[in-house]
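Structure first, commentary second.
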Amino acid sequence: MKNQSCLTLCLCFFLSCTPLASGFSLLNGIMTKSNGVVVVGSANQDLTSYTNALPVLGETVMGDTFETSCGGKGANQAKAAASLGLAPVTMVCRVGDDVFGAALLQDFDHKNVQYDRGDTILKDGTASGVATIVVDNPSGDNMIIVTPGANYALTPENVDAALKKMSDPPAVVVVQLEVKYEAALQALKTAKELGAVTVFNPAPAPTKEGALDEFFPFVDVFIPNETELRTLCGRVGDNSVNEEQLAKDLLAKGVNKAVICTLGARGAMIVAKGATDKDRAKIDMVCAPTDLPANKDPVVDTIGAGDAFCGALSTYLASGLDMVDAGNLACGFASMSVRRLGANYPDPDELPEILRPESLSKKVATQSNP
Ligand SMILES: Nc1ncnc2c1ncn2[C@@H]1O[C@H](COP(=O)(O)OP(=O)(O)O)[C@@H](O)[C@H]1O
Ligand SMILES: *[C@@H]1O[C@H](CO)[C@@H](O)[C@H](O)[C@H]1NC(C)=O
Numbered sequence: 006m007k008n009q010s011c012l013t014l015c016l017c018f019f020l021s022c023t024p025l026a027s028g029f030s031l032l033n034g035i036m037t038k039s040n041g042v043v044v045v046g047s048a049n050q051d052l053t054s055y056t057n058a059l060p061v062l063g064e065t066v067m068g069d070t071f072e073t074s075c076g077g078k079g080a081n082q083a084k085a086a087a088s089l090g091l092a093p094v095t096m097v098c099r100v101g102d103d104v105f106g107a108a109l110l111q112d113f114d115h116k117n118v119q120y121d122r123g124d125t126i127l128k129d130g131t132a133s134g135v136a137t138i139v140v141d142n143p144s145g146d147n148m149i150i151v152t153p154g155a156n157y158a159l160t161p162e163n164v165d166a167a168l169k170k171m172s173d174p175p176a177v178v179v180v181q182l183e184v185k186y187e188a189a190l191q192a193l194k195t196a197k198e199l200g201a202v203t204v205f206n207p208a209p210a211p212t213k214e215g216a217l218d219e220f221f222p223f224v225d226v227f228i229p230n231e232t233e234l235r236t237l238c239g240r241v242g243d244n245s246v247n248e249e250q251l252a253k254d255l256l257a258k259g260v261n262k263a264v265i266c267t268l269g270a271r272g273a274m275i276v277a278k279g280a281t282d283k284d285r286a287k288i289d290m291v292c293a294p295t296d297l298p299a300n301k302d303p304v305v306d307t308i309g310a311g312d313a314f315c316g317a318l319s320t321y322l323a324s325g326l327d328m329v330d331a332g333n334l335a336c337g338f339a340s341m342s343v344r345r346l347g348a349n350y351p352d353p354d355e356l357p358e359i360l361r362p363e364s365l366s367k368k369v370a371t372q373s374n375p
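In terms of this note's numbering, the sequence shown is residues 6 to 375.
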């Protein structure tokens with residue numbers, strides 16, 4: 006009796022104290038049932054006018070076509086994470102009490118993204134975030150105005166309370182920069198306090214080198230694209246230093262586990278810390294599985310590709326995959342998204358076998374029993 010309760014106690018201690026990487030896959034099954042992915046970030050209504058000639062200052066022109074779509078980096082990442090159907094996904098954001106807010110929340114409902122309705126809708130007249138986009142048909146060039154509105158009303162106190170009141174502590178918390186810096190930083194701090202793995206995508210990239218230094222100690226997985234990585238390191242246009250070295254510099258600045266630089270069609274580079282600080286960084290290139298059925302389709306647009314990668318990677322980590330497996334499958338998911346128009350992600354029933362975590366264990370099983 007005594008031994009058994011001691012064992013239970015030790016096991017509980019071990020499970021609750023094992024952060025990620027090492028014992029994380031041990032939690033596989035337990036984690037995926039309740040502890041999911043939480044995205045703290047933006048939701049915007051995109052309003053796009055396509056025109057055959059852009060207006061000059063003071064001019065009115067006739068548009069050709071008009072489209073609306075639900076976007077915002079936070080919302081996109083949450084929808085990508087939820088579309089794998091592997092873990093519950095919750096969005097912490099703010100929208101206005103207006104038609105756009107209603108549309109954004111309805112979109113979450115359709116995509117299986119959970120949120121707290123009472124907290125999410127602002128009742129003080131603040132407008133929902135909108136992106137007004139004008140596309141010049143002949144050239145494809147665009148002009149965009151993002152008006153954050155309700156997104157900037159999300160306070161650090163809101164974020165802290167939202168994460169702490171969840172009945173199951175999140176396994177992974179994902180943050181970007183379309184909300185106020187203080188809110189993003191608080192999300193990372195509270196997530197670490199709750200024992201979650203933190204994923205941070207520094208988009209849109211701050212223009213000042215070193216702007217995110219105070220974030221790094223609270224970031225486990227840092228995911229910039231090439232532009233963002235160079236901007237943050239003050240190396241825009243300086244090809245004397247490669248991405249690998251810049252990623253190592255950020256690990257030295259305090260990022261806890263890994264810097265993953267996304268590289269467009271080339272996939273992504275994972276630069277991970279060794280088991281002890283003295284170890285050398287481990288470098289892995291990840292890319293979409295070569296036998297992914299979508300690979301044969303043409304690339305139509307890369308809008309939301311980075312968001313697809315960040316969302317999918319977070320869900321795969323929450324499902325217990327290690328960083329490299331999660332990276333490869335997330336590239337596969339992002340590769341599917343660039344073969345669809347806009348930030349549109351496959352539904353769980355459209356997810357090919359090869360992007361399901363079970364396919365990895367099958368592969369390992371067949372490899373070890375030929
Ligand atoms: N042309 C492409 N073909 C296949 N996959 C792509 C392509 N462009 C992007 N991806 C996938 O999307 C991920 C993010 O793309 P990237 O262009 O680096 O980010 P961002 O959207 O921030 O510009 C890449 O790591 C890759 O997996
Ligand atoms: C990286 O993301 C930024 C947004 O932060 C975007 O403006 C830029 O075009 C992206 N760069 C690449 C190389 O994809």
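Ideal Cβ placement from N, Cα and C applies to all residues, glycine included.
One thing to note: residue 164 has its Cβ within 9 Å of the Cβ of residue 97.
For residue 287, the uninterrupted beta strand (DSSP E) run begins and ends at 287 to 291, by DSSP. Residue pairing by DSSP puts residue 52 in a beta bridge opposite 73 and 137. By alpha-carbon distance to residue 321, the top candidate from 73, 199, 75 and 94 is 94. Spatial neighbours of residue 313 in its own chain (CB-CB distance under 7 Å, excluding positions within 5 residues in sequence) are listed in chain order as 85, 338, 339, 342 and 350. If you draw a straight line from the Cα of residue 249 to the Cα of residue 332, it is about 16 Å long. Taking non-hydrogen atoms of ligand 2 into account, the C-beta of residue 231 is found less than 8 Å away from one of them. Boundaries of the beta strand (DSSP E) harbouring residue 203: 202 to 205, taken from the DSSP string. Annotation for residue 268 indicates a beta carbon within 8 Å of some heavy atom of ligand 1. In this structure, the CA atom of residue 346 is about 30 Å from the CA atom of residue 64. Shown here, residue 359 sits in a helix according to DSSP, grouped into three states. Short of 6 Å from the beta carbon of residue 187, and not among the five residues preceding or following it, lie these beta carbons of its own chain, in chain order: 161. Separation of the CB atoms of residue 227 and residue 264 is rounded to 5 Å, and the pair is thereby assigned contact status at 8 Å. About 6 Å separates the beta carbons of residue 218 and residue 258, which is inside the 8 Å limit, making them a contact pair. With a cut-off of 8 Å, the C-beta of residue 209 is classified as near ligand 2, since at least one heavy atom of the ligand falls inside that distance. Your pair residue 134 and residue 153 checks out as a contact, with CB atoms roughly 5 Å apart and the cut at 8 Å. With a threshold of 8 Å, the Cβ atom of residue 114 does not count as near ligand 1, since no heavy atom of the ligand is closer than that.
Residue 247 and residue 366 have their C-alpha atoms roughly 34 Å apart.
Here the alpha carbon of residue 177 sits roughly 18 Å from the alpha carbon of residue 121. In the three-state scheme derived from DSSP, where H, G and I count as helix and E and B as strand, residue 104 is classed as helix. Under the three-state reduction of DSSP, residue 314 is assigned to helix. In this structure, residue 292 places its C-beta atom within 9 Å of the C-beta atom of residue 272. The beta-carbon separation of residue 140 and residue 323, rounded to 36 Å, does not stay under the 8 Å limit for a contact. The alpha-carbon of residue 303 is positioned some 29 Å away from that of residue 48. One Cα belongs to residue 145, the other to residue 348, and the distance between them is close to 17 Å. Per DSSP, reduced to three states, the secondary structure at residue 227 is strand.
For the pair residue 174 and residue 203, the Cα-to-Cα distance works out to about 13 Å. Residue 270 and residue 197 have their C-alpha atoms spaced approximately 32 Å apart. In this structure, residue 182 sits away from residue 201, with a CB-CB distance that is not shorter than 9 Å.
Residue 262 counts as buried, since at least 16 other C-beta atoms from the protein chains shown sit within 10 angstroms of its C-beta. Contact between residue 344 and residue 286 does not hold, since their C-beta atoms are separated by about 32 Å, which reaches or exceeds 8 Å.
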